[in-house]
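Asks: Just so you know, we're using this note's numbering here: the sequence shown kicks off at 164 and counts up by one.
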Amino acid sequence: MTLFSFSGFALILLALAIFAVFKGVIIVPQGMQYTVERFGKYMRTLDPGLHIVVPIIHRIGAKLYMMEQVMDVPSQEIITKDNAMVTVDGVIFYQILDAPKAAYEVRQLDISILNLVMTNVRTVMGSMDLDELLSRRDDINAKLLIVVDEATSPWGVKVTRIEIKDIEPPRDLVDAMARQMKAEREKRANILEAEGHRQSEILRAEGEKQSAILEAEGKREAAWREAEARERLAEAEARATTMVSEAIAAGDIQAVNYFVAQKYVEALKDIASADNQQLVFMPLEASSVIGSIGGIAELAKKAQGGQ
164 MTLFSFSGFA LILLALAIFA VFKGVIIVPQ GMQYTVERFG KYMRTLDPGL HIVVPIIHRI
224 GAKLYMMEQV MDVPSQEIIT KDNAMVTVDG VIFYQILDAP KAAYEVRQLD ISILNLVMTN
284 VRTVMGSMDL DELLSRRDDI NAKLLIVVDE ATSPWGVKVT RIEIKDIEPP RDLVDAMARQ
344 MKAEREKRAN ILEAEGHRQS EILRAEGEKQ SAILEAEGKR EAAWREAEAR ERLAEAEARA
404 TTMVSEAIAA GDIQAVNYFV AQKYVEALKD IASADNQQLV FMPLEASSVI GSIGGIAELA
464 KKAQGGQ
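1) Spatial neighbours of Ser275 within its chain, please: C-beta separation below 7 Å, excluding the five flanking residues on both sides.
2) For Gln271, which beta-bridge partners are listed by DSSP?
3) Just to confirm before moving on: does the CB-CB distance between Gln232 and Tyr257 stay below 8 Å?
4) Residues in its own chain within less than 7 Å of Met281 by CB, not counting five upstream and five downstream?
5) Between Arg395 and Glu384, what straight-line distance do the alpha-carbon atoms span, to the nearest angstrom?
6) Quick test of your reading: Ala225 and Ala266, contact by CB under 8 Å. State the CB separation rounded to the nearest angstrom.
7) Output yes or no for whether 8 Å exceeds the beta carbon distance between Leu296 and Ile330.
8) Is it the case that the Cβ atoms of Tyr228 and Met206 are separated by a distance below 8 Å?
9) In angstroms, rounded to a whole number, what distance separates the CA positions of Arg222 and Pro317?
10) If you run the structure through DSSP and keep just helix, strand and coil, what is Glu231?
11) Given a cut-off of 8 Å on the beta-carbon distance, is the pair Ile325 and Gly253 in contact?
12) Which same chain residues end up closer than 8 Å to Ala463 when comparing Cβ atoms and leaving out the 5 residues on each side of it in sequence?
13) Mind checking if Ala339 is an interface residue toward chain D, Cβ cutoff 8 Å exclusive?
14) Indicate the three-state DSSP secondary structure (helix, strand or coil) for Arg222 in the structure shown.
15) Are Val322 and Lys306 closer than 8 Å when you measure CB to CB?
16) For Ser290 and Leu355, what's the separation of their Cα atoms in angstroms?
17) Assign Thr243 to one of three DSSP states: helix, strand, or coil.
18) Beta strand (DSSP E) containing Leu307: first to last residue?
19) Taking the CB atoms as reference points, tell me whether Val249 and Ile327 lie closer together than 8 Å.
20) With a threshold of 6 Å on Cβ separation, who are the neighbours of Ala178 within its own chain once the five nearest residues in sequence on each side are excluded?
21) What does a CB cutoff of less than 7 Å around Asn283 pick up in its chain, not counting 5 residues either side in sequence?
22) Secondary structure at Pro237, three-state DSSP: helix, strand or coil?
23) Does the Cβ-Cβ distance between Val216 and Ile175 come in under 8 Å?
24) Bridge partners for Leu209 per DSSP, in chain order?
25) How many Å lie between Arg299 and Ser363 at the Cα?
26) Within a Cβ cutoff of 7 Å, which residues of the same chain sit near Arg201, ignoring the five residues on either side of it in sequence?
27) Can you give me the start and stop residues for the beta strand (DSSP E) that Phe256 sits inside?
28) Can you list, in chain order, the residues of its chain with a C-beta nearer than 8 Å to that of Ile303? Leave out the 5 residues immediately preceding and following it.
29) Would you decide whether Ile259 is buried or exposed? Buried here means 16 or more other CB atoms lie within 10 Å of its CB.
30) By the 10 Å Cβ neighbour count, where 16 or more other Cβ atoms means buried, how is Thr404 classified, buried or exposed?
31) Report the three-state DSSP secondary structure of Val191 (helix, strand or coil).
32) Which residues mark the beginning and the end of the beta strand (DSSP E) in which Val320 is found?
33) Hey, Leu293 and Pro333: beta-carbon distance below 8 Å or not?
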């Protein structure tokens, strides 16, 4: 009987030893931290690795992930500043930096962070117009991050990012915005078309201006050359008249014939080119004209001989 009692006691001690070893050896995985409590009070934090605690006296309080975690924000309806109802959802990225605070400063950490984010989403987005919500999503994310990160700091949590995923206005607002966008595009197209027509008219006017300037320049150049030609012709006629006058003064009968023949031919030309021209029969003595031409030749020879 005594031997049996001793064997039973030994078995009990062996079982207690195995239980103590099993409960006293703690292995903490990488990326996690455990809190250790002594009679219900926080004592220390276990980092990743092998640890030994005293069973019954010590126990594991909380097992916390120290890696960055992501949590979805469920869809919720928000009334904007201009009374538009929109449906919004998002996502949160956060990381536990202080395990004791995350375990003992707040109850149900994930639910607390989620409710805090959803409340601030309504606050921030509810103070903005619908157009601002659709065009300033980065500003909304930045505001939410600042507010939520400051609120969760006493919990030993760092909120790294908050992203608004979808903003869904009601269907009637979507249709109205589509019509507005179409009208704006048509307006811009009309403005661009009008601007193109205006530039075309300006270029055409500039071209006509340059053409008129060049035409005026050409006319001025032609007039200048015509005046120069008339001046030279007048000089030539003046020299011819001088020569004829000198020949007449010298008593040369050929010069007189030349002068008479010239006036005779000019008179015939004027009669032929007159507007009220009629058929006129005039006697024309060929020998007189030929003699005049001969006189011109003699004058030319004398002029050359004098030179």
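Cβ atoms here follow ideal geometry from the backbone N, Cα and C, with glycine treated the same way.
Replies: Looking at the atomic coordinates:
1) Correct list, in chain order: Val269.
2) Its beta-bridge partners do not exist; DSSP assigns none.
3) Yes, the pair counts as a contact, with Cβ atoms nearer than the cut-off.
4) Residues Val236, Gln239 of the same chain have their beta carbon placed closer than 7 Å to that of Met281, with the five preceding and five following residues left out of the count.
5) Rounded to whole angstroms, Arg395 to Glu384 spans 16 Å at the Cα level.
6) Sure, about 4 Å apart at Cβ, within 8 Å.
7) It is a contact, given that the beta carbons lie within the stated cut-off.
8) No, the Cβ-Cβ distance between Tyr228 and Met206 is not below 8 Å.
9) Across the structure, Arg222 and Pro317 are spaced so that their CA atoms are roughly 25 Å apart.
10) DSSP places Glu231 in the coil class of the three-state scheme, outside both helix and strand.
11) Yes, the Cβ-Cβ distance between Ile325 and Gly253 is below 8 Å.
12) In this prediction, Ala463 scores a pLDDT of 49, lower than 50, which makes its location untrustworthy; no coordinate-derived value is stated.
13) The chain inventory of the structure shown lacks chain D, comprising one protein chain alone.
14) Arg222 falls in the strand class under three-state DSSP.
15) No, they are not a contact pair.
16) Using only the alpha carbons, I get a separation of about 37 Å.
17) Coil.
18) First-last for Leu307: 300–315, but that is the alpha helix (DSSP H), not the beta strand (DSSP E).
19) Going by C-beta atoms, Val249 is not nearer than 8 Å to Ile327.
20) The answer is none, since no qualifying residue turns up.
21) Counting only Cβ-Cβ distances below 7 Å, and skipping sequence neighbours, we find Leu307, Val310, Val311.
22) Residue state, collapsed to three classes: strand.
23) The Cβ-Cβ distance between Val216 and Ile175 does not fall below 8 Å.
24) Beta-bridge analysis with DSSP links Leu209 to Tyr197.
25) One C-alpha to the other measures close to 39 Å.
26) Once the five neighbours on either side are set aside, the close Cβ partners of Arg201 are Ile220, His221.
27) DSSP places Phe256 inside the beta strand (DSSP E), whose first and last residues are 248–259.
28) Within the same chain, and ignoring the five residues on either side of Ile303 in sequence, the residues whose Cβ sits closer than 8 Å to its Cβ are Val287, Met288, Met291, Leu296, Ile327.
29) With 16 or more other Cβ atoms within 10 Å, it is buried.
30) Thr404 should be labelled exposed.
31) Three-state DSSP puts Val191 in a strand.
32) Where Val320 is concerned, the enclosing beta strand (DSSP E) stretches over 320–331.
33) A distance of 8 Å or more separates the beta carbons of Leu293 and Pro333.
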